[in-house]
Structures are given as structure tokens and as C-alpha cells.
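What follows is a set of notes on a single structure, which appears directly below.
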Amino acid sequence: MKDVRILIADDDINFCMLASDLLISEGFTVQIAHNMSDALSSLAVTRFDILMLDMCFPTLKEGFSLLDDVRELYPRVIVLMISGSGHIPDAVTAIKNGAFDFIEKPITPDYIRLRIRNLAAFIKSRKVADDLAKTAIGMVGDSMAMRKVFDNIIRAGEYSTPVLITGETGVGKELAAHAIHRLSRYGDKSMVCINCASIPKDLFESELFGHEMGAFTGAVKNRKGYFEFAEDNTIFLDEISEMPVSAQAKLLRVISEGEIQKVGGKVKKVNTRIIAATNREIGELLDSQTFRQDLYYRLNSINIHIPPLRERKDDIPALATYFISEFCNANHLPPLTISFQALNWLYEQPWKGNARELRSVIERGVIFANNDHLTISDLTSSAEVMEHPLNSQGQTLKVALHNYEKSYIEFCLREHNGNVTKTAEVLGIDKSNLFKKINHYGISTKQAD
């Protein structure tokens with residue numbers, strides 16, 4: 159039971175001590191919070207499974223406020239409301255607002271044991287299911303929207319039907335494609351991945367389906383296409399909306415007949431599972447006739463739409479925790495947590511770049527963190543460095559690189575209070591080289607050591 163963590167949030171000291179001693183004797187890990195600040199701090203630092211929350215903590219309004227915060231920031235925490243005999247209607251309202259259940263004071267030891275044991279059994283079964291799903295899928299998310307995506311991925315993995323994955327840039331379309339492939343009968347092979355936007359339009363059919371020697375100028379020998387390399391395997395066509403209409407007709411034939419025709423060659427049977435993805439609005443492409451309607455219907459047999467991060471902010475705590483752990487492990491850093499205030503700041507951001515943008519902000523925050531937890535300062539400093547050059551449209555590459563280098567040096571100098579020696583170490587350059595750059599860019603530093 160030690161892997162089940164319980165937070166008791168109640169200003170009744172006697173009840174907290176009795177309940178804590180009882181649950182610890184049952185093998186649970188228990189912490190106590192006697193006020194709102196302690197409760198929020200504990201939730202930010204430790205991943206709890208159960209929150210036993212006094213409805214009047216210390217007032218009914220504040221108790222409900224904490225419930226709302228927990229449901230928004232920590233949706234996987236099971237909230238068990240503790241109510242007095244005169245608050246049963248309010249307890250029912252709390253359940254409607256997201257509490258799992260409520261228990262009424264006075265509470266006997268046997269009753270607490272029974273309720274918490276039942277919850278622990280539920281949590282254990284849920285963790286087993288989550289671990290199996292996450293191991294197979296390789297994606298992170300606690301929101302209802304992502305649970306639906308995971309269910310669809312698992313279902314899609316059972317079949318060989320074409321799949322169309324839609325969603326904005328950075329939501330994880332390629333991760334979803336890899337997950338479907340791993341769960342399929344071809345999962346022991348490496349999926350063949352093609353970015354349609356990177357293939358020149360006049361070479362598209364040759365790249366996908368291959369060509370025979372002499373089929374066109376420069377075709378000096380026979381060449382296999384990607385579909386032949388993906389025989390008895392999965393092919394992932396990313397950004398399929400960039401595929402020329404002429405190649406779309408041949409792709410439709412692959413889906414309908416299981417056949418490819420090399421450029422300048424004969425028809426050949428293939429057995430390939432197709433997964434496609436796009437960040438474009440398919441409806442607009444159909445209206446403009448840049449995407450074939452019949453191909454869309456065949457690809458869309460299974461549609462998996464991954465919502466943008468701004469529409470599933472319940473996933474932010476899990477994603478942030480995962481990214482922090484990933485970067486700390488990869489760089490052999492001690493474990494970091496994230497403050498409640500920093501988590502709130504993450505919630506307030508629009509995340510136009512979705513999980514990919516969040517990952518970058520967290521990575522830079524970990525690099526520049528000065529404590530054992532990430533603060534708003536760590537995250538906002540990292541966001542500042544990212545946004546400065548990237549939002550300057552219309553610049554030449556030389557100007558953009560110039561601006562970025564200057565901005566980054568200024569940022570590092572601020573982070574180290576103008577200490578040139580420390581800044582040079584962080585940047586991985588000689589101190590003399592850094593002084594040259596400071597003079598070149600006209601950067602002022604309060605401390606030139």
C-alpha cells in the first residue's frame with residue numbers, strides 16, 4: 159500500500175492525527191495539511207492518489223475552491239470529501255463538482271479502513287491499466303480528451319484499415335502513428351516514415367512508387383519506391399495534404415486495389431498499412447479541390463483527432479512532470495519538481511506550439527533552474543529567450559542569427575549577474591571570445607571580471 163499516497167487536508171488536528179495513524183498502520187503513505195497554503199504546496203511537490211478534504215477548510219467557500227483547483231490541476235487525484243452531519247446537501251454538490259465521494263463525521267476506524275482500502279484497490283487497477291496503455295502507446299496525458307485518443311489508438315492498432323490523424327503542429331501526430339504501428343501486427347518492424355512536404359512535386363510518384371530505368375531523364379537504373387520498402391509493414395505519410403493531386407490518384411489505387419504502378423513500369427501488388435497525418439483543415443482542401451474527396455473518404459476510415467493543448471490543459475501537469483524527468487535523467491541532474499505557481503503559469507499560456515512548445519520551455523527551464531524546483535522565473539526566462547528571435551518575421555537568416563546570439567548572451571549575463579567567467583562557461587566558449595562578442599554587439603555588463 160506504500161505506493162498509494164494520501165493527503166489529509168483538515169484543520170481538525172485531532173481528526174488528522176487519528177486518521178493519519180490509522181492509515182499509516184494500514185501501510186499507506188500519509189501527509190497532513192492544516193491550511194490551504196500547506197495543501198497547495200504539498201500537492202505541487204508530491205503526486206498524491208487520494209485527497210481527504212474537509213469541506214469546510216476552513217470555510218465552505220475555501221473548501222470548494224480547493225476542490226476546483228485540484229480538479230483542474232490534478233485531475234487524477236481522487237477527492238474524498240469529509241463532511242459534518244449538517245452539510246450533506248453541500249457534499250452532494252461537491253460530488254457534482256468533481257469529488258469522488260464523501261464521508262460523514264463522526265467516522266469510525268473500521269469505516270475509514272473499508273473506504274480507503276476500496277479506493278486503493280481501484281487506484282491499483284487503474285495504474286495497471288494506465289501503465290500497460292502508456293507502455294504500448296508511449297504518449298502522456300490524463301485528460302478525458304487524450305484518454306479517448308488512447309482508446310482510438312488501441313482500437314486502430316487491431317486492424318489494417320487506413321488511419322488519418324489530424325491536429326495542429328506539435329500535438330503529437332507522429333507519436334500517435336508510431337503507437338498505432340507498435341500495436342499492429344507489423345509492430346516488430348521499423349515503420350517507414352515519409353514527410354510529403356519534403357518531396358519535390360515532380361519526383362513524388364517516383365519516390366513513392368519507384369521507377370524503371372529510362373522512364374525519364376536521369377532514371378539510369380531501376381529504383382524501388384517507399385511502398386516497396388514498406389511491404390508487409392506500415393507506411394506513415396506525414397503532411398499528406400502536400401501530396402500532388404496526380405499522386406493522390408495512385409495512392410487511391412493502392413488503398414482500393416492493393417496495387418502500385420512504377421513510373422514507366424508495370425502494376426505490382428503490395429501489402430502495406432497506410433497511416434496519414436495532416437495539420438491542415440481537410441474541409442478547406444476539399445473545397446479548393448487540392449485534395450481528392452474519394453481519397454479522403456478512404457483514408458478517413460479511422461480518424462484520430464488530437465486536440466490542441468489549450469483545449470486539454472488537464473494534461474499540462476502530467477506533460478510537465480514527464481518532460482522534467484526526461485531532461486533530468488538525460489543530463490544526469492538531480493530530480494526537480496515544479497512549484498504550484500509555475501504550474502498555474504503554464505495553465506495560463508496559449509501554447510500555440512502545443513506540447514512541442516511546452517517541451518522546449520520546460521527543457522530550458524530545467525537548464526537554468528537555480529533550486530530543486532522550477533519557478534515562474536525559470537519558465538518565463540526560458541520563454542523570453544525562445545520568443546525573441548522566432549517572432550521576428552521577414553528577417554534574413556544572418557540577421558535572425560545575429561539577433562538570437564545577442565539576445566542569448568544578454569540573457570545568460572543577466573542570469574549570472576554580469577559574471578563573464580560564469581557566462582562563458584555556460585556558453586561553452588573562452589572568456590576572451592565572449593568579451594569580443596560583448597564588444598561586437600555593444601552589450602553592457604555591470605561586472606567585467
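Converting from the sequence shown to this note's numbering requires adding 158 to each position, the first position being numbered 1. Beta carbons are placed, not taken as given, at the ideal position from N, Cα and C, and that holds for glycine.
Residue i - DSSP class collapsed to helix/strand/coil
i: S446; result: coil
i: F215; result: coil
i: H531; result: strand
i: E370; result: coil
i: A388; result: coil
i: P508; result: coil
i: A377; result: coil
i: R163; result: strand
i: L501; result: helix
i: I265; result: coil
i: T319; result: coil
i: M302; result: helix
i: E521; result: helix
i: F485; result: helix
i: E184; result: coil
i: L494; result: coil
i: I418; result: strand
i: L467; result: helix
i: A606; result: Residue placement at A606 is flagged as unreliable, the pLDDT there being 39, under the threshold of 50; a coordinate-derived value is accordingly withheld.
i: M297; result: coil
i: T479; result: helix
Limits of the beta strand (DSSP E) - the one that residue i falls within
i: F260; result: D259 to E262
i: H463; result: I460 to H463
i: A434; result: T430 to T436
i: N353; result: V350 to N353
i: T187; result: T187 to A191
i: K427; result: V425 to K427
Between the CA atoms of residue j and residue i - distance to the nearest angstrom
i: V412; j: V188; result: 59 Å
i: R205; j: L165; result: 10 Å
i: I253; j: D259; result: 6 Å
i: G325; j: D309; result: 17 Å
i: F362; j: A405; result: 7 Å
i: F526; j: L366; result: 45 Å
i: N549; j: H560; result: Any reading at N549 is ruled out, since the residue's pLDDT is 48, under 50, leaving its predicted position unreliable.
i: M401; j: I352; result: 11 Å
i: R431; j: R450; result: 20 Å
i: R271; j: N529; result: 39 Å
i: E399; j: H339; result: Strictly speaking, residue 399 in this sequence is Ser, with Glu absent from that position. Cα to Cα, the separation comes out at about 21 Å.
i: Y599; j: K564; result: 6 Å
i: P465; j: K359; result: 30 Å
i: G221; j: C486; result: 35 Å
i: A334; j: G296; result: 8 Å
i: R313; j: V307; result: 10 Å
i: I418; j: D390; result: 14 Å
i: E583; j: K589; result: 8 Å
i: A434; j: V350; result: 12 Å
i: A488; j: N502; result: 26 Å
i: Q447; j: T436; result: 16 Å
i: A500; j: N591; result: 35 Å
i: Y562; j: G423; result: 51 Å
i: Y566; j: S497; result: 25 Å
Status (buried if at least 16 other CB within 10 Å, exposed otherwise) for residue i
i: Y269; result: exposed
i: T217; result: exposed
i: I482; result: buried
i: A279; result: exposed
i: T392; result: buried
i: T581; result: buried
i: R305; result: exposed
i: D536; result: buried
i: A407; result: exposed
i: E415; result: exposed
i: A197; result: buried
i: S223; result: exposed
C-beta neighbour in chain C for residue i, strict 8 Å
i: R234; result: Here chain C cannot be found, since the structure has a single protein chain.
Delimiting residues of the alpha helix (DSSP H) encompassing residue i
i: V203; result: M194 to V203
i: K133; result: What the structure shows of the chain is the stretch from 159 to 607, and residue 133 is not part of that stretch, so it cannot be assessed.
i: V235; result: Taken as a continuous stretch (DSSP letters only), V235 belongs to no alpha helix (DSSP H), as it is neither H nor E.
i: I601; result: I601 -> no alpha helix (DSSP H), and no H or E assigned at all.
i: K580; result: V578 to L585
i: I398; result: Unbroken run through I398: none, as it is neither H nor E.
i: K254; result: I246 to K254
i: Y454; result: Q451 to L457
Residue i: CB within 7 Å of a non-hydrogen atom of the ligand COA
i: T392; result: Summarising the ligand content, the structure contains no ligands, and the ligand COA is consequently not present.
Touch test, the segment 489-507 against the segment 441-460, Cβ-Cβ under 8 Å, three pairs minimum:
no
Does the contact criterion of 3 or more C-beta pairs under 8 Å hold for the segment 502-511 versus the segment 336-346?
no
Should the segment 376-383 be called in touch with the segment 319-337, which here means at least 3 C-beta pairs below 8 Å?
no
Tell me whether the segment 302-320 and the segment 459-476 touch, counting them as touching only if at least three CB pairs, one residue from each stretch, are closer than 8 Å.
yes
Counting Cβ pairs, one atom from each stretch, are 3 or more of them under 8 Å apart for the segment 469-479 and the segment 439-448?
no
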